[in-house]
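Shown next, in structure tokens, is the structure this report addresses.
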Amino acid sequence: MTGNMVCITCRKSIGKNGYKIQCAGECGGWAHLACTSIKKEEIIQKKKLKWICPECEERDTASPGETSEEEEIPMKKMSSKIKKKDLHRAVYSQRKKCSSS
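Using full-length UniProt numbering, the letters of the sequence shown correspond one by one to residues 1 to 101.
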């Protein structure tokens, strides 16, 4: 299975016995550990280490609307909730002032 794989960084064949890591990005490709900034010790210590190849990382930052949409939606909802909350508070304060005079 891994004998036919090609490193997405250097484009050379990945051997069966070498240390390698799979991209957690869109491509899902594999890379030699030596072709990344990750050390062998990190792989040994952390079983669930996420690595994103430079191409997927670039794609991720190049199109922020597509990748950060999930993050933006809650922020928009939160800010609209805050505005509504502040609006209700202001209306309540006005009613309180009007009823006391």
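Glycine residues also receive a C-beta, built at the ideal position from the N, C-alpha and C atoms.
Check, Outcome
"Spatial neighbours of H32 in its chain, beta-carbon cut-off 8 Å, leaving aside the 5 residues before and after", "C7, T9, C10, K12, I14, G18, Y19, K20"
"Cα-Cα separation between K50 and N4, rounded to whole angstroms", "23 Å"
"Outcome for G28 when other beta-carbon atoms lying within 10 angstroms are tallied against a minimum of 16", "exposed"
"Three-state secondary structure (DSSP) of A24", "coil"
"Enclosing alpha helix (DSSP H) for I43 [first to last residue]", "40-45"
"Integer-rounded CB distance, given that I44 should sit under 8 Å from A24", "With a Cβ gap of about 18 Å, A24 and I44 do not count as contacting."
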